[in-house]
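Going left to right, the sequence shown walks through residues 179 to 542 as my numbering numbers them.
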Amino acid sequence: MRRPRLALDPTDALALLGAASHVNLAWVGPDGRPGLRALHVAVLPGPPPTVVFHGSEVGEKQALLGRRVVLQAEEVLATIPSTFTDPERACPATTYYQSVQAEGVAEEVVAPEAKAAALEALMGRFQPQGGHVPIEAHHPLYAKAVAGVQVVAVPLTQVSGKANLGQAKPIEVRRAIIEGLWRRGLPRDPEVIERLRAATDRDPAPPTFFAPSGVTLHAWAPPSDADVVAAHLADAYWNSSFSQDDLRRAHLASAAWVVGRDAEGLCATARAISDDTKHAWIYDVWVHPRARGRGVATALMALLLDHPRLRGAAKIHLGTRDAQPLYRKLGFEEREVARFTHMERAGALRPDPSLRALKTVSEP
């Protein structure tokens with residue numbers, strides 16, 4: 179690779195290949211003609227890691243058996259307008275992405291058990307929720323299908339990946355791009371900001387992400403953090419009726435979720451739901467005892483309130499039993515809800531059978 183700093187770790191490159199919605203497969207046939215197809219694939223861990231896919235026993239893909247092939251996938255992370263860094267010139271416009279390329283020799287999978295395992299891996303990749311009878315070579319549901327379908331395996335001999343996140347740009351350009359992404363606020367922009375910061379971890383945090391010494395604030399958290407946060411919040415007084423799995427799923431579904439980290443790991447979190455225009459609600463604001471009394475909660479809330487999903491809301495709400503001084507500093511005022519009668523209904527319940535019966539009877 180011409181610029182080694184853009185190289186993905188091989189493990190990350192293989193993960194990108196395995197998570198791709200589709201993979202492009204290229205080959206040159208015996209007659210010298212090139213072929214290119216988009217495929218659904220699964221990656222078996224190996225060693226060596228092996229890409230598998232299926233198809234008809236007749237057709238053009240027969241030409242690739244026994245030949246070296248190339249597999250490629252990419253993920254576009256963000257388009258970067260020129261105006262983020264230059265008021266006039268078009269040249270700075272670019273795209274941030276990551277890509278992977280892998281090579282190997284295509285071979286037909288013949289053993290029924292190996293074919294069934296590859297097909298079950300494809301189901302696991304594209305129907306992870308399950309719900310089907312597992313594919314086994316001699317199961318009455320599948321024996322005929324397994325025998326009649328062609329399965330191709332490509333044991334990988336080379337895997338390389340690339341992530342273009344502006345690592346080569348000067349620090350002032352990277353900061354301008356981070357600020358531009360934060361102000362633009364497309365759905366993936368907070369994630370891209372954190373990927374950019376992680377790729378250039380030598381840089382000090384941009385002003386938007388100011389935090390007390392020893393703590394860094396982050397506009398996006400990886401899904402794995404939801405389990406950590408749920409464990410910390412499980413005993414909070416406001417979560418007494420929710421399980422840890424409820425809390426995990428709530429964080430993953432939030433419109434905005436910001437976290438703080440210190441040398442020991444995650445030390446603060448806050449999330450919100452929002453319709454972007456009328457109302458936003460803040461939930462689950464928490465700071466680890468080791469980080470309290472240093473202004474972490476104030477900095478975390480300031481970042482959350484400036485989040486793209488909250489800054490356009492006409493009203494931002496929260497409920498608290500004991501943190502009124504913190505929120506007053508941030509402009510919140512206590513309100514008595516007297517105009518409307520507050521009503522609520524338990525969710526995640528099966529409909530009342532009597533209501534279902536009544537609806538059935540009343541329908542013509």
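Just so you know, even glycine gets a beta-carbon here, dropped at the ideal spot from N, CA and C.
As the structure is a prediction and not an experimental result, all values here were calculated from the model.
Exercise. Does the separation of the CB atoms of Trp398 and Glu372 fall below 7 Å?
Worked result: Sequence index remark: in the sequence shown, residue 398 carries index 220 (1-based). Sequence index remark: in the sequence shown, residue 372 carries index 194 (1-based). The answer is yes: Cβ separation under 7 Å.
Exercise. From Cys445 to Val465, what distance separates their C-alpha atoms?
Worked result: Stepping through the sequence shown from its first residue, residue 445 is reached at position 267. Stepping through the sequence shown from its first residue, residue 465 is reached at position 287. Spanning the two alpha carbons is a distance of roughly 6 Å.
Problem set entry | For Gly213, the first and last residue of its enclosing beta strand (DSSP E) | The residue given as residue 213 occupies position 35 in the sequence shown. Looking at the DSSP string, the run of the beta strand (DSSP E) that includes Gly213 is Pro212 to Leu217.
Exercise. Looking only at C-alpha atoms, which of Gln305, Ala193 and Lys293 sits nearest to Gln276?
Worked result: Numbered from its first residue, the sequence shown carries residue 276 at position 98. Nearest option by C-alpha distance: Ala193.
For this session: Consult DSSP for Gln345 and reduce its assignment to one of helix, strand or coil.
Result: Here residue 345 refers to the residue found at position 167 of the sequence shown. Three-state DSSP puts Gln345 in coil, outside helix and strand.
Exercise. In the stretch 282-309, which residue ranges form an unbroken beta strand (DSSP E) of at least 3 residues, counting only runs that do not cross its ends?
Worked result: The stretch 282-309 contains, as complete beta strand (DSSP E) runs of 3+ residues, the segments 285-287 (chain order).
For this session: Jot down the residue ranges of each uninterrupted alpha helix (DSSP H) in the stretch 397-464, minimum 4 residues, whole runs only, in chain order.
Result: 402-411 and 422-430
Exercise. Thr257 by DSSP, collapsed to three states: which one?
Worked result: In the sequence shown, the residue the question calls residue 257 occupies position 79. The answer is strand: DSSP assigns Thr257 an E or B state.
Exercise. From the beta carbon of Ala377, is the nearest beta carbon of chain D less than 7 Å away?
Worked result: No chain D appears in this structure, which consists of one protein chain only.
Exercise. Would you say Asn342 and Tyr415 are within 7 Å of each other, going by their C-beta atoms?
Worked result: Here residue 342 refers to the residue found at position 164 of the sequence shown. Here residue 415 refers to the residue found at position 237 of the sequence shown. Against a cut-off of 7 Å, the Cβ pair of Tyr415 and Asn342 comes out as no contact.
Problem set entry | When Ala377, Val393, His410 and Gly497 are compared against Gly471, the one with the closest alpha-carbon | Reading the sequence shown from its first residue, position 293 is the one you call residue 471. The shortest Cα separation from Gly471 among Ala377, Val393, His410 and Gly497 belongs to Val393.
For this session: Give the C-beta separation of Leu184 and Ala256 to the nearest angstrom, bearing in mind that I take them to be a contact with Cβ-Cβ under 8 Å.
Result: Here residue 184 is taken as the residue at index 6 of the sequence shown, counted from 1. Here residue 256 is taken as the residue at index 78 of the sequence shown, counted from 1. Actually they do not touch by this definition, with Cβ atoms about 16 Å apart.
Problem set entry | Helix, strand or coil at Leu192 according to DSSP, with G and I counted as helix | The residue you call residue 192 lines up with position 14 of the sequence shown. Here DSSP, grouped into helix, strand and coil, assigns Leu192 to helix.
Exercise. Taking Cβ to Cβ, would you say Ala294 is nearer than 7 Å to Glu281?
Worked result: To locate residue 294, count along the sequence shown from 1; it is residue 116. To locate residue 281, count along the sequence shown from 1; it is residue 103. No, Cβ-Cβ distance for Ala294 and Glu281 is not below 7 Å.
Exercise. What does a CB cutoff of less than 6 Å around Ala331 pick up in its chain, not counting 5 residues either side in sequence?
Worked result: The residue labelled residue 331 in the question sits at position 153 within the sequence shown. Once the five neighbours on either side are set aside, the close Cβ partners of Ala331 are Thr228, Val230, Glu285 and Val287.
Exercise. Counting along the chain, where does the beta strand (DSSP E) carrying Lys322 start and finish?
Worked result: As a position in the sequence shown, residue 322 is number 144, starting the count at 1. That residue, Lys322, is in no beta strand (DSSP E); its alpha helix (DSSP H) goes Ala321 to Gly326.
Exercise. With which residues is Pro467 paired in a DSSP beta bridge?
Worked result: Here residue 467 refers to the residue found at position 289 of the sequence shown. Note: Pro467 sits in no beta bridge, so no partner.
Exercise. Hey, how far is the Cα of Ala469 from the Cα of Gly363?
Worked result: As a first step, residue 469 must be located in the sequence shown, where it is residue number 291. As a first step, residue 363 must be located in the sequence shown, where it is residue number 185. Rounded to whole angstroms, Ala469 and Gly363 show a C-alpha spacing of 29 Å.
Problem set entry | First and last residue of the uninterrupted beta strand (DSSP E) at Ile371 | Counting from 1 along the sequence shown, the entry for residue 371 is found at position 193. Run containing Ile371: none in the beta strand (DSSP E); it sits in the alpha helix (DSSP H), Asp367 to Ala377.
Exercise. Taking the DSSP output, what are the residues bridged to Gln279?
Worked result: By 1-based counting over the sequence shown, the position of residue 279 is 101. Looking at the DSSP assignment, Gln279 forms a beta bridge with Gln250 and Ser338.
Exercise. What is the DSSP secondary structure of Arg534, counted as helix, strand or coil?
Worked result: Along the sequence shown, one-based indexing puts residue 534 at 356. Confidence at Arg534 is low in this model, with a pLDDT of 44, below 50, so its placement is unreliable and the value that follows should be read with caution. The three-state secondary structure of Arg534, taken from DSSP, is helix.
Exercise. Where Leu222 and Leu319 are concerned, what is the direct C-alpha to C-alpha distance, given to the nearest angstrom?
Worked result: Position 44 of the sequence shown, counted from the start, is the residue given in the question as residue 222. Position 141 of the sequence shown, counted from the start, is the residue given in the question as residue 319. Going by the C-alpha atoms only, they are around 24 Å apart.
Exercise. On the three-state DSSP scale, how would you describe Pro486?
Worked result: In the sequence shown, residue 486 corresponds to position 308, counting from 1. Note: Pro486 maps to coil in three-state DSSP.
Problem set entry | Residues of its chain near Lys537, where Cβ-Cβ distance is below 6 Å and the 5 sequence neighbours each way are ignored | Your numbering for residue 537 matches position 359 in the sequence shown. Confidence in Lys537 is poor, its pLDDT being 42 and thus under 50, which makes the residue's placement too unreliable to answer from.
Problem set entry | Spatially closest choice to Leu488 from Lys456, Val474 and Leu508, by CA coordinates | For the purposes of this step, residue 488 is taken as residue 310 along the sequence shown, with counting starting at 1. Ranking Lys456, Val474 and Leu508 by Cα distance to Leu488 puts Lys456 first.
For this session: Thinking Gly344 and Ala191 are a contact (beta carbons under 8 Å), I'd like their distance in whole angstroms, please.
Result: Numbered from 1 along the sequence shown, position 166 holds the residue referred to as residue 344. Numbered from 1 along the sequence shown, position 13 holds the residue referred to as residue 191. The pair is not a contact, with the Cβ atoms about 19 Å apart (cut-off 8 Å).
For this session: Following the continuous beta strand (DSSP E) through Leu203, name the residue where it begins and the one where it ends.
Result: As a working mapping, residue 203 is identified with position 25 in the sequence shown. Note, Leu203: beta strand (DSSP E), Val201 to Val206.
Exercise. Grouping DSSP H, G and I as helix and E and B as strand, with all else coil, what is Ile313?
Worked result: Here residue 313 refers to the residue found at position 135 when the sequence shown is read from its first residue. If DSSP states are grouped into helix, strand and coil, Ile313 belongs with coil.
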